[in-house]
Every structure is written in structure tokens, then in C-alpha cells.
Amino acid sequence: MSRQGDSVRSESDAALRTRALESLLVEKGLLANDTIDKVVEKYEKDVGPLNGARVVARAWSDPDYKRRLLENGTAAIAELGFGGKEGAGIVVLENTSVVHNVVVCTLCSCYPWPVLGLPPGWYKSFAYRSRLVREPRAVLREFDLHLPETVEIRVWDSNSDLRYMVLPERPDGTENFTEEQLVPLVTRDAMIGVSRIDSPSA
Ligand code: FE
Numbered sequence: 000m001s002r003q004g005d006s007v008r009s010e011s012d013a014a015l016r017t018r019a020l021e022s023l024l025v026e027k028g029l030l031a032n033d034t035i036d037k038v039v040e041k042y043e044k045d046v047g048p049l050n051g052a053r054v055v056a057r058a059w060s061d062p063d064y065k066r067r068l069l070e071n072g073t074a075a076i077a078e079l080g081f082g083g084k085e086g087a088g089i090v091v092l093e094n095t096s097v098v099h100n101v102v103v104c105t106l107c108s109c110y111p112w113p114v115l116g117l118p119p120g121w122y123k124s125f126a127y128r129s130r131l132v133r134e135p136r137a138v139l140r141e142f143d144l145h146l147p148e149t150v151e152i153r154v155w156d157s158n159s160d161l162r163y164m165v166l167p168e169r170p171d172g173t174e175n176f177t178e179e180q181l182v183p184l185v186t187r188d189a190m191i192g193v194s195r196i197d198s199p200s201a
């Protein structure tokens, strides 16, 4: 299984904003449309996950928001202006030091588009869909995620009515970070649950 697009981890917030804006300009026909093929890729890698990153950063910064998010994901995500197509019934799962949640759609590729964009290729692969439920620890190791045996892994099967998003654990060393500073740390893969978020000082 290969990883696609090692995501936004290393990019600054400004770079992400720029690339998101570029996507929108292309979409609206204000940029040359020979780049149109790249739009899907940009939505997959940047625009969608950036929305999710904003949700996560808010939850890390605001305990009341986090409570609302875990109680009713769709409503709390709508507070930040995200919703719509493929976004009804979003359930947010909190990762902790003892419980690790990871998301799959075993039937097809159900995915919370408003917060994560389009699903990555591997998410739609038969290997991921069939193996994650059976051997989650082994699959996560292939994503370079080595969880201690003491961590319970919970696999959640998305469908067209219920789409899951993971609230990753806030990394150490970010205690003094503002919400805006937290946003660029949050990766798509961590919100699917195939990755954790590294401490920025690591
Ligand atoms: Fe599906």
C-alpha cells in the first residue's frame, strides 16, 4: 500500500491558503484551465483537509467547541461554515493516548468531503477496505504508525448516512500555540486515523 501526498504537515499556513485560493481561481475560470486536472488533486490534498484542520484546531483550542463537536459533528462543523454535499451525518471520534480510531468504508469510499475533501486513492483501494478491519495494526504499520499493544484500535466503517472523522490527539509542545498556529499541523491522514500528529519540536 502506498501513501499518496504526504499531506500538509510541512507546509506553512500561508502556503496552504495560497494553494487553496489558486484552486478556487482555477475552478472559477480565472486561471488557465489547462491546470483543471490538478483541481481535483488540490481539493483532495489541500482545500478539503484544510477545513478539517480548522475544525481540529478549534476543538483543541476551545473545550466547549470540542464537546459540541463530539456530541454532534455535523452541527459543530457547520458552525465553521462547512457542510453540504457528502457531509450529512458526520461523526467525530476522539483519539487519546489509549484509544486510536481509524476510518474506512468497506463497501466503497464514503468520506466526509466538506472537512476532508476527496478521498485519497488508497482509501478507495480494495486492500485498505478489506484489510483494515481484519488486521488494523498491521495496516497502520504500513502507514508508519506503530502503536503500542496497550493502545486499543477501533475501526469505524463509514456509509452514506454516517461518515467519520478523527479528532487527533493534540501533540506535545503546542501548549502555547494559537488556533491559527495549530491549523497547519493537522494532516489529512491524522483525520482519517492512519497517522498521528508529530510534535512540532520533534
Ligand atoms: Fe462508501
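Going by numbering that gives the first Met the number 0, the letters in the sequence shown line up with residues 0 to 201, in that order.
C-beta atoms are modelled at their ideal positions from N, C-alpha and C, and glycine is treated no differently.
Hey, out of the options, whose CA is closest to residue i's CA?
i      : options                        : result
Leu15  : Gln180, Ala189, Trp121         : Gln180
Leu131 : Leu115, Arg153, Gly116         : Arg153
Leu69  : Arg195, Pro118, Glu93          : Glu93
Thr186 : Glu174, Thr177, Asn175, Pro199 : Pro199
Pro48  : Phe81, Leu139, Val98, Thr173   : Phe81
Ile76  : Asp171, Ile89, Lys84           : Ile89
Val97  : Ser129, Pro147, Pro183         : Pro147
Glu85  : Tyr122, Pro118, Glu78          : Pro118
Val54  : Arg18, Cys104, Leu115, Arg140  : Leu115
Arg169 : Trp112, Lys65, Tyr127, Phe142  : Lys65
Ala214 : Phe142, Cys109, Pro135         : A query on residue 214 cannot be resolved here, the shown segment of the chain reaching from 0 to 201 and no further.
Thr173 : Arg162, Ile191, Asp197, Tyr163 : Asp197
Val182 : Asn50, Asp143, Asn100, Glu21   : Asn50
Gly83  : Arg67, Leu106, Pro111, Ser60   : Pro111
Following a CB-centred definition, is residue i positioned closer than 6 Å to any heavy atom of ligand 1?
i      : result
Ser108 : yes
Within 6 Å: the Cβ of residue i and any heavy atom of ligand 2?
i     : result
Glu78 : Among the ligands in the structure shown, ligand 2 does not appear; only ligand 1 can be found there.
Counting C-beta neighbours from all protein chains within 10 Å, is the total for residue i 16 or more, i.e. buried, or is it exposed?
i      : result
Thr95  : exposed
Asp5   : Annotation note: pLDDT 37 at Asp5 (below 50); position unreliable, coordinate value reported separately. Classification of Asp5: exposed, given that the 10 Å Cβ count is below 16.
Val193 : buried
His145 : exposed
Arg195 : buried
Ser129 : exposed
Asn175 : exposed
Ala137 : exposed
Asp171 : exposed
Pro135 : buried
Leu184 : buried
Ala162 : A small fix is needed here, since residue 162 is Arg in this sequence, not Ala. Arg162 is buried by the Cβ-count criterion.
Pro113 : buried
Cys104 : buried
Ile191 : buried
Pro62  : exposed
Gly72  : buried
Please report the Cβ distance between residue i and residue j, rounded to the nearest whole angstrom; I am assuming they are in contact, meaning their Cβ atoms lie under 8 Å.
i      : j      : result
Val165 : Ala189 : 7 Å
Val102 : Ser157 : 6 Å
Ala74  : Glu178 : Ala74 to Glu178, Cβ: 20 Å. No contact.
Do we get a CB-CB distance below 7 Å when we pair residue i with the residues of chain B?
i      : result
Val185 : The question asks about chain B, but that chain is absent: this structure has only one protein chain.
Restricting to runs no shorter than 3 residues, where is the beta strand (DSSP E) found entirely within the segment 114-159? Uninterrupted beta strand (DSSP E) stretches at least 3 residues long and entirely within the segment 114-159 occur at 151-156, given in chain order.
Enumerated in chain order, which unbroken segments of the alpha helix (DSSP H) with a length of 4 residues or greater are wholly contained in the segment 73-115? The qualifying runs are 112-115.
Runs of 4 residues minimum, wholly inside the segment 151-200: which ones carry the alpha helix (DSSP H) assignment? Listed in chain order, they are 178-181, 187-191.
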